[in-house]
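Visitor: Start counting at 1 in the sequence shown, then tack on 1477, and there's your number in the working numbering.
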Amino acid sequence: MTTGVYEKGKQYKSEVPPTWCAGCGDFGLLNAFMNSLADQEINVNNTALISGIGCSSRFPFFIKTYGFHGVHGRALPIATGVKLANPKLEVVAFGGDGDGFAIGGGHVPHTCRRNMDLTYILMDNSIYGLTKGQMSPTTSMGMATNTTPYGAPDNPMNPLAYVLTYGATFVAQAFSGNPKQMRQLITKAMQHRGFSYLNVISPCPTFNKKDTFDHYKDHTEELPADHDTSDKFGAIKKALEREEHGIIHTGVFYEDAEKPTYLDKVLETRAAAGGCENPDMAKIINAYKP
Ligand code: SF4
Ligand code: MG
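1) In whole angstroms, what separates the C-alpha of residue 1496 from that of residue 1538?
2) Pull every residue with its beta-carbon under 5 Å away from any heavy atom of ligand 1, and keep them in chain order.
3) Exposed or buried, which one is residue 1646 when buried takes at least 16 other CB atoms within 10 Å?
4) Within the same chain, show all residues whose beta-carbon is closer than 8 Å to that of residue 1484, passing over the 5 residues directly before and after it, in chain order.
5) Taking contact to mean 3 or more Cβ pairs, one atom from each stretch, closer than 8 Å, check whether the stretch 1687-1707 and the stretch 1546-1563 are in contact.
6) Ligand 2 and residue 1613: does any heavy atom of the ligand fall closer than 7 Å to the residue's C-beta?
7) Check this for me: beta carbons of residue 1573 and residue 1600, under 8 Å apart or not?
8) Can you give, in chain order, each stretch of the beta strand (DSSP E) that sits fully within the stretch 1562-1614 and has at least 3 residues?
9) Quick one: is the Cβ of residue 1602 within less than 7 Å of any heavy atom of ligand 2?
10) Among 1644, 1512 and 1544, which one has its Cα closest to the Cα of residue 1487?
11) If you reduce the DSSP assignment to three classes, tell me which class residue 1693 lands in.
12) Under 7 Å: does the beta carbon of residue 1581 sit that close to some heavy atom of ligand 2?
13) Would you check if there are 3 or more beta carbon pairs closer than 8 Å linking the stretch 1617-1632 to the stretch 1642-1661?
14) For residue 1637, which residues of its own chain have a beta-carbon under 7 Å away from its beta-carbon, when the five flanking residues on both sides are left out?
15) For residue 1630, tell me which candidate among 1643, 1614 and 1642 has the shortest Cα-Cα distance.
16) If you reduce the DSSP assignment to three classes, tell me which class residue 1664 lands in.
17) With the cut-off set at 8 Å, would you say residue 1746 and residue 1672 are in Cβ contact?
18) With 16 other CB atoms within 10 Å as the buried threshold, where does residue 1728 fall?
19) Counting only the same chain and skipping the five closest in sequence on each side, list residues whose C-beta sits under 7 Å from that of residue 1555.
20) Expressed to the nearest angstrom, what Euclidean distance is found between the alpha-carbon atoms of residue 1642 and residue 1591?
21) With DSSP collapsed to three states, give me the class of residue 1654.
22) Just to confirm my understanding: we take residue 1658, look at its own chain, exclude 5 residues before and 5 after, and list those with CB closer than 8 Å. What are they?
23) Taking only the alpha-carbon atoms, compute the straight-line gap between residue 1534 and residue 1571 and give it to the nearest angstrom.
24) Taking DSSP as the reference, what is the three-state secondary structure of residue 1549?
25) I'd like the ranges of any alpha helix (DSSP H) spanning at least 4 consecutive residues and lying wholly in the stretch 1675-1736.
26) Return yes when the Cβ of residue 1523 is within less than 8 Å of the Cβ of residue 1566, no when it is not.
27) Under DSSP, the beta strand (DSSP E) around residue 1524 begins and ends at which residues?
28) Check whether the Cβ of residue 1610 lies closer than 7 Å to any heavy atom of ligand 2, and answer yes or no.
29) Compute the minimum distance between the beta carbon of residue 1573 and the heavy atoms of ligand 2, and state whether it is under 7 Å.
30) Mapping the DSSP letters down to three states, classify residue 1493 as helix, strand or coil.
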């Protein structure tokens, strides 16, 4: 029986070998995530990783924590339920651009506006990988895919501008080609109290021949040192520079550690109503440490 805390990132690896293609950007996140767990001295026995469906949603298999591989697009409602049932758990949800913003797109704004105390890490490769190369919500306009052989006709959505608008209280972007920065951003996202969204640019060399590692190396740029992370409108403007100027920023766009979380608000309402006689609710109240 171990204590559940490990010194080195690779000790957090489960016995299940990753099934991703050689060169997949998701490997970069896996390594950075395990290193971040070691940096934070995370206990695998108090941690649950929740996912939907897709290449990236296989993530929980590969780590020694508890894990739940859900159904397509439903990582966030499942993660919300897990956190509410046991607020002491560290809960991290994983998914891809198709899983999170197409079939699961209805869940993202509500998790943002509730300020659920969760971390959501989305591996964005601008394509459906597992189902072999269909257009996704973040596919570039004009790109040929298996479902758009003459070029994608839709404007791609901007995940960062979207979650900022709906009220996520921590918003950051990392790139698989910069594992050092990604490791630090994962730690910051998990340490934040409230809903954290980390967009990870994670190229799919098998089905997306346009948005490659080389393409992103040429177009990503760390946010300037004087970027004000408390300025939401400034953060939205930086997010929109992707469309306006072709600059894809990485780093922390926005952070608000003061906004009450969903559980804070529920507990406040309960207290205002004169407390709670329900023993199950009392258990939750006692477990939630602000
Ligand atoms: Fe990664 Fe793409 Fe292969 Fe899926 S299909 S494992 S996203 S490289
Ligand atoms: Mg995808």
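For glycine and all other residues, C-beta sits at the position ideal for the given N, C-alpha and C.
Quick caveat, the model's predicted, so the values are computed rather than measured.
Guide: In short, the structure shows the following:
1) Rounded to whole angstroms, residue 1496 to residue 1538 spans 10 Å at the Cα level.
2) Residues flagged by the Cβ proximity filter: 1497, 1498, 1501, 1532, 1606, 1681 and 1683.
3) By the neighbour-count rule (16 or more Cβ atoms within 10 Å), residue 1646 is buried.
4) Taking C-beta separations shorter than 8 Å and ignoring five residues to either side along the sequence, the partners of residue 1484 in its chain run 1515, following chain order.
5) Cβ pair count under 8 Å is below three, so no.
6) Checking the Cβ of residue 1613 against ligand 2 gives yes.
7) Yes; because the gap between Cβ atoms is below 8 Å, this pair is in contact.
8) Fully enclosed beta strand (DSSP E) runs of 3 or longer: 1567-1573 and 1596-1601.
9) Taken from the Cβ of residue 1602, at least one heavy atom of ligand 2 lies inside 7 Å.
10) Out of 1644, 1512 and 1544, 1512 has the C-alpha closest to the C-alpha of residue 1487.
11) Three-state DSSP puts residue 1693 in a helix.
12) Residue side-chain check: residue 1581 keeps its Cβ at 7 Å or more from all non-hydrogen atoms of ligand 2.
13) Because the criterion of three Cβ pairs below 8 Å is not met, the stretch 1617-1632 and the stretch 1642-1661 do not touch.
14) Cβ neighbours of residue 1637 within its own chain (closer than 7 Å, five residues either side excluded): 1648, 1650, 1676, 1716 and 1730.
15) Measuring from the Cα of residue 1630, the nearest candidate turns out to be 1614.
16) Taken through DSSP and simplified to helix, strand or coil, residue 1664 comes out as helix.
17) It is not a contact, given that the beta carbons lie outside the stated cut-off.
18) The C-beta of residue 1728 has 16 or more other C-beta atoms within 10 Å across all chains shown, which makes the residue buried.
19) Closer than 7 Å at Cβ, skipping near neighbours: 1527, 1545 and 1547.
20) Those two C-alpha atoms are separated by around 13 Å.
21) Under the three-state reduction of DSSP output, residue 1654 falls in the coil class, being neither helix nor strand.
22) Within the same chain, residue 1658 has close Cβ partners 1651, 1652, 1699, 1727 and 1728.
23) Take the alpha-carbon of residue 1534 and the one of residue 1571: they are about 6 Å apart.
24) The answer is coil: DSSP assigns residue 1549 none of H, G, I, E or B.
25) Counting only runs of at least 4 residues, the stretch 1675-1736 fully encloses the following alpha helix (DSSP H) elements, listed from N- to C-terminal order: 1690-1696 and 1709-1722.
26) One thing to note: residue 1566 has its Cβ within 8 Å of the Cβ of residue 1523.
27) Here the beta strand (DSSP E) through residue 1524 covers 1524-1528.
28) When distances are taken from the beta-carbon of residue 1610 to the heavy atoms of ligand 2, even the shortest one reaches 7 Å or more.
29) Distances from the CB of residue 1573 to the heavy atoms of ligand 2 include at least one below 7 Å.
30) Residue 1493 falls in the coil class under three-state DSSP.
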